[in-house]
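**Q**
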Amino acid sequence: MPNELFISKRIFKSDVQGKKVSSPIVRISVISISLAIVVNLITIAVVNGFQNEVRQKITGFGSHFFIRKHGVSNNFDAAPILKEQKRIEGLKKMEGIKSISPVAYKPAILQSRKIKRNVSLVTGKDSSFVKQDVQGVIFKGIDSTYNLDFFDKYLIKGDVTAFLSYSSISSVLISEKTAKTLSYKLGDTINVFFVKSKPIKQNFIIKGIYNSGLEEFDKKIVVAKLRDVQNLNDWGLNAEIKIADTLHNEELVIYSDVSGGDGNYLFNWGHGFQPYSAFSFYPDRDTLISLVVKDTPLNPEQLAQYDTTYLKIDFPNNNTTSYEVLTDQTGEIIKTFNDGKGYDYNVLISEDSFIRFIQDDYGVSNSEKYVSGFEVIIDSWDELDNMHKKLQKKIELIPSENNSLIEVVSIISNEKDLFLWLSFLDLNVLIIVILMLLIAIINIGSAMLVIIVVRTNFIGVLKSFGANNWSIRKIFLLQALFLMLRGIFFGNLIGLGLCYLQIKFEFFSLNPEVYYLNAVPIKLELSHWVMLNVGTIVICLLALLLPSYVVTKISPNRAIRFD
Numbered sequence: 330m331p332n333e334l335f336i337s338k339r340i341f342k343s344d345v346q347g348k349k350v351s352s353p354i355v356r357i358s359v360i361s362i363s364l365a366i367v368v369n370l371i372t373i374a375v376v377n378g379f380q381n382e383v384r385q386k387i388t389g390f391g392s393h394f395f396i397r398k399h400g401v402s403n404n405f406d407a408a409p410i411l412k413e414q415k416r417i418e419g420l421k422k423m424e425g426i427k428s429i430s431p432v433a434y435k436p437a438i439l440q441s442r443k444i445k446r447n448v449s450l451v452t453g454k455d456s457s458f459v460k461q462d463v464q465g466v467i468f469k470g471i472d473s474t475y476n477l478d479f480f481d482k483y484l485i486k487g488d489v490t491a492f493l494s495y496s497s498i499s500s501v502l503i504s505e506k507t508a509k510t511l512s513y514k515l516g517d518t519i520n521v522f523f524v525k526s527k528p529i530k531q532n533f534i535i536k537g538i539y540n541s542g543l544e545e546f547d548k549k550i551v552v553a554k555l556r557d558v559q560n561l562n563d564w565g566l567n568a569e570i571k572i573a574d575t576l577h578n579e580e581l582v583i584y585s586d587v588s589g590g591d592g593n594y595l596f597n598w599g600h601g602f603q604p605y606s607a608f609s610f611y612p613d614r615d616t617l618i619s620l621v622v623k624d625t626p627l628n629p630e631q632l633a634q635y636d637t638t639y640l641k642i643d644f645p646n647n648n649t650t651s652y653e654v655l656t657d658q659t660g661e662i663i664k665t666f667n668d669g670k671g672y673d674y675n676v677l678i679s680e681d682s683f684i685r686f687i688q689d690d691y692g693v694s695n696s697e698k699y700v701s702g703f704e705v706i707i708d709s710w711d712e713l714d715n716m717h718k719k720l721q722k723k724i725e726l727i728p729s730e731n732n733s734l735i736e737v738v739s740i741i742s743n744e745k746d747l748f749l750w751l752s753f754l755d756l757n758v759l760i761i762v763i764l765m766l767l768i769a770i771i772n773i774g775s776a777m778l779v780i781i782v783v784r785t786n787f788i789g790v791l792k793s794f795g796a797n798n799w800s801i802r803k804i805f806l807l808q809a810l811f812l813m814l815r816g817i818f819f820g821n822l823i824g825l826g827l828c829y830l831q832i833k834f835e836f837f838s839l840n841p842e843v844y845y846l847n848a849v850p851i852k853l854e855l856s857h858w859v860m861l862n863v864g865t866i867v868i869c870l871l872a873l874l875l876p877s878y879v880v881t882k883i884s885p886n887r888a889i890r891f892d
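First residue of the sequence shown? That's 330 in the numbering used here, and the numbers climb one at a time after it.
#1: May I ask you to report which of helix, strand or coil DSSP gives Val654?
#2: Which residues mark the beginning and the end of the alpha helix (DSSP H) in which Leu870 is found?
#3: By DSSP's criteria, Phe811 is part of a beta bridge. Which residues make up the other side?
#4: Quick one: using the 10 Å Cβ neighbour count with 16 as the cut-off for buried, is Thr659 buried or exposed?
#5: Who pairs with Leu677 in a beta bridge, going by DSSP?
#6: What separation, rounded to the nearest whole angstrom, lies between the Cα atoms of Val859 and Asn821?
#7: State buried or exposed for Pro876, treating a residue as buried only when at least 16 other CB atoms are found within 10 Å of its CB.
#8: Cutting at 8 Å between CB atoms, please list the residues of its own chain near Phe596, excluding the five before and the five after it.
#9: Could you check where the alpha helix (DSSP H) with Val790 kicks off and where it finishes?
#10: Taking the beta strand (DSSP E) that Asp586 belongs to, which residues open and close that run?
#11: In chain order, what residues of the same chain lie with their CB nearer than 7 Å to the CB of Lys421, ignoring the 5 residues before and after it?
#12: Would you call the stretch 393-400 and the stretch 354-373 in contact, with 3 or more CB pairs under 8 Å?
#13: Is any heavy atom in the ligand PLP found nearer than 6 Å to the beta carbon of Asp755?
#14: One question on the structure: do Val895 and Met765 come within less than 7 Å of each other, judged by their Cβ atoms?
#15: DSSP beta-bridge partners for Thr720?
#16: Go through its chain and collect everything with a Cβ distance to Leu839's Cβ below 7 Å, but skip five positions before and after it.
#17: Using the three-state DSSP reduction, which class does Pro876 fall into: helix, strand or coil?
#18: In the DSSP assignment, find the alpha helix (DSSP H) that holds Val489 and state where it starts and stops.
#19: Give the C-beta separation of Ile498 and Gly516 to the nearest angstrom, bearing in mind that I take them to be a contact with Cβ-Cβ under 8 Å.
#20: Helix, strand or coil for Asn840, going by three-state DSSP, please let me know.
#21: For Val880, I'd like the list of residues in its chain whose CB is within less than 8 Å of its CB, leaving aside the five on either flank, ordered along the chain.
#22: Need the endpoints of the alpha helix (DSSP H) that Asp547 sits in, please.
#23: Grab the span of the beta strand (DSSP E) containing Thr638 for me, first residue to last.
#24: Report the three-state DSSP secondary structure of Ile381 (helix, strand or coil).
#25: To the nearest angstrom, report how far apart Tyr639 and Phe753 are at their CA atoms.
#26: According to DSSP, is Gly824 part of a helix, a strand, or is it coil?
#27: Go to Ile570, then tell me how far its beta strand (DSSP E) extends in each direction, as first and last residue.
#28: Short of 7 Å in beta carbon distance, which residues of its chain neighbour Gly702, apart from the five on each side in sequence? Order them along the chain.
#29: Using the three-state DSSP reduction, which class does Pro604 fall into: helix, strand or coil?
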């Protein structure tokens, strides 16, 4: 055992003159070290827990990476890309990638139940009114390949997989916040309005209610089946038969309105595919006009897409053989919408008679070929930057089989504001740790100076026996170390105990509208705990080298006579 360590252990608990003076100072120094450990330990645990919890919830609603069409500014408004892509299948085999799932997004408006409210007027009479609230949301379509662990974790009612089990039923998962706002419960049918080429209303059954505590996302995200959202997005090739506003040689002009595909269309009006998108027509009886549209991709490896639609023409009298289509002063055909469906309308052929046109879409749907993008989940958050570079190298700026470009966007880019806010917390932690260490250093330094002054005689005796200054300084540094270890022990005992109690009982709650969480989260990694304790010891000991220098200024002759 080194002499300095032996001497330090012997005198650490010994009674000396001046004990009454040094004892309060020593206690204060131990308490300051304990307080520094407690505060720093809780600060690191809370901030790490907060950052980790928010990151997990953000990636739970989204993913670590989102693969989308190049040039898109927002995932929710992303232009569609083909679901089947060889490059995406190849990425699934990359090391570090946990899953890749196709998703589709669609903005929508939810409508609440009709709620009857009774009010008492100042006149003394009672009155009632019916109220219906609305809420804007984003529908997120997922399929069976999607990892549902996140929603399963925060599900409070229902079955997280039930809405995917029955393909014929349109079902959703909504948040508890949305359910309460719109007065819905599990199993209810909810009214949803979408804006397609024409606004539509569709009903969905609530199969699950979740509460993640991330208020901003809970109010926004509604989870549905991928197939439902694909159908609602007007993706793929979409054809519609329309009537021109003016006549051509006293005949109606029937034309096609096509969107999607690659823009190179062929039209089959019943006589084979031709490039003609319109024709003039004089109907004199009930008629059914059919149209099949296909695109002609430039890339021979890409499959052609088809869509089919029908226009039914109903006459008020099947014996009608001649009529005059009424037009206004500008020459436009006078049309009147029939029942508000958006597809049915009438063309006036006399003051009291009309031809009824009914647009029916029995098309061969190809919307299932398209998605908003692909969500990529990786094994470790620490590999985020590295995996981002690997994915970019694999797929960006490389044309796909249909000559389209795609890009990879990280969750940090998608949620810049949230992650910028989380990064500021690291600066706050650094400031708190430094301040608490300064307080600990000042107090333990004061304690060391007092101990040196109290043991001045002892220092003089050691010097008279030939001990050098550095050897004596080590004795007092070791005593300071013993004090620090005592303070660190109690600090860890209190700090870890408080962290455990918060994890177990969640005594301290948060407002989720402000902090995105319901309770103060705790997460302390072993590496952080070791670094905090070892770092405190090393930094304090280095700082104590300066006050220990006082030993070198003590003269043996004066020290021995010192009382």
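Where is the CB? At the ideal position from N, CA and C, for every residue including glycine.
Everything numeric in this text was worked out from a predicted model, so none of it was measured.
**A** With the given structure in hand:
#1: Here residue 654 refers to the residue found at position 325 when the sequence shown is read from its first residue. The answer is coil: DSSP assigns Val654 none of H, G, I, E or B.
#2: Indexing the sequence shown from 1 puts residue 870 at position 541. Element bounds for Leu870: Leu855 to Leu873.
#3: Here residue 811 refers to the residue found at position 482 when the sequence shown is read from its first residue. Residue pairing of Phe811 in beta bridges, as defined by DSSP: absent, with no partner found.
#4: The sequence position of residue 659 within the sequence shown is 330, counting from 1. Result: exposed.
#5: On the sequence shown, position 348 is the one that residue 677 refers to. In DSSP, Leu677 forms a bridge with Phe683.
#6: Here residue 859 is taken as the residue at index 530 of the sequence shown, counted from 1. Here residue 821 is taken as the residue at index 492 of the sequence shown, counted from 1. For Val859 and Asn821, the distance between alpha carbons rounds to 11 Å.
#7: Locating residue 876 in the sequence shown gives position 547, where the first residue counts as 1. Residue environment for Pro876: buried (at least 16 other C-beta atoms within 10 angstroms of its C-beta).
#8: Stepping through the sequence shown from its first residue, residue 596 is reached at position 267. Correct list, in chain order: Ser585, Phe602, Gln603, Pro604, Tyr605, Ser606, Leu620, Val621 and Val622.
#9: As a first step, residue 790 must be located in the sequence shown, where it is residue number 461. In the DSSP annotation of this structure, the continuous segment of the alpha helix (DSSP H) that includes Val790 starts and ends at Thr785 to Ser793.
#10: Here residue 586 corresponds to residue number 257 of the sequence shown, with the count starting at 1. Counting along the chain, the beta strand (DSSP E) containing Asp586 begins and ends at Leu581 to Ser588.
#11: As a position in the sequence shown, residue 421 is number 92, starting the count at 1. Excluding sequence neighbours, Lys421 sits near Ile429.
#12: At 8 Å Cβ cutoff, the stretches do not touch.
#13: This structure does not include the ligand PLP; it has no bound ligands of any sort.
#14: No answer is possible for residue 895: the residues shown for the chain start at 330 and end at 892.
#15: On the sequence shown, position 391 is the one that residue 720 refers to. In the sequence on display, residue 720 carries Leu and not Thr. Partner(s): none; Leu720 has no beta bridge.
#16: The count along the sequence shown starts at 1 and reaches residue 839 at position 510. Sequence-distant partners of Leu839 (beyond 5 residues in either direction) whose C-beta falls short of 7 Å from its own C-beta, in its chain, are Leu846, Asn847, Ala848 and Val849.
#17: Indexing the sequence shown from 1 puts residue 876 at position 547. In this structure, Pro876 counts as helix in the three-state DSSP scheme.
#18: Position 160 of the sequence shown holds residue 489. Careful: Val489 lies outside any alpha helix (DSSP H) and carries neither H nor E.
#19: Residue numbering aside, residue 498 sits at position 169 when the sequence shown is read from its first letter. Residue numbering aside, residue 516 sits at position 187 when the sequence shown is read from its first letter. With 8 Å as the limit, Ile498 and Gly516 do not qualify as a contact, their Cβ atoms being about 12 Å apart.
#20: As a first step, residue 840 is located in the sequence shown; it is residue number 511 there, counting from the start. Looking at Asn840 - three-state DSSP - the assignment turns out to be coil, as it is neither helix nor strand.
#21: Locating residue 880 in the sequence shown gives position 551, where the first residue counts as 1. Ile781, Ile788, Asn798, Ile801, Arg802 and Phe805.
#22: Translated into the one-based positions of the sequence shown, residue 547 becomes position 218. That run of the alpha helix (DSSP H) goes Glu544 to Asp547.
#23: Counting from one through the sequence shown, the residue named residue 638 turns up at place 309. Run containing Thr638: Tyr635 to Asp643, per the beta strand (DSSP E) assignment.
#24: On the sequence shown, position 52 is the one that residue 381 refers to. A small correction: the amino acid at residue 381 is Asn; Ile does not occupy that position in the sequence shown. Helix, per DSSP.
#25: Here residue 639 refers to the residue found at position 310 when the sequence shown is read from its first residue. Here residue 753 refers to the residue found at position 424 when the sequence shown is read from its first residue. Cα to Cα, the separation comes out at about 59 Å.
#26: By 1-based counting over the sequence shown, the position of residue 824 is 495. Reduced to three states, the DSSP call for Gly824 is helix.
#27: Here residue 570 corresponds to residue number 241 of the sequence shown, with the count starting at 1. Element bounds for Ile570: Asn567 to Ile572.
#28: Counted from its first residue, the sequence shown places residue 702 at position 373. Phe395, Ile396, Arg397, Asn404, Ala407, Ile410 and Val432.
#29: Locating residue 604 in the sequence shown gives position 275, where the first residue counts as 1. Coil, per DSSP.
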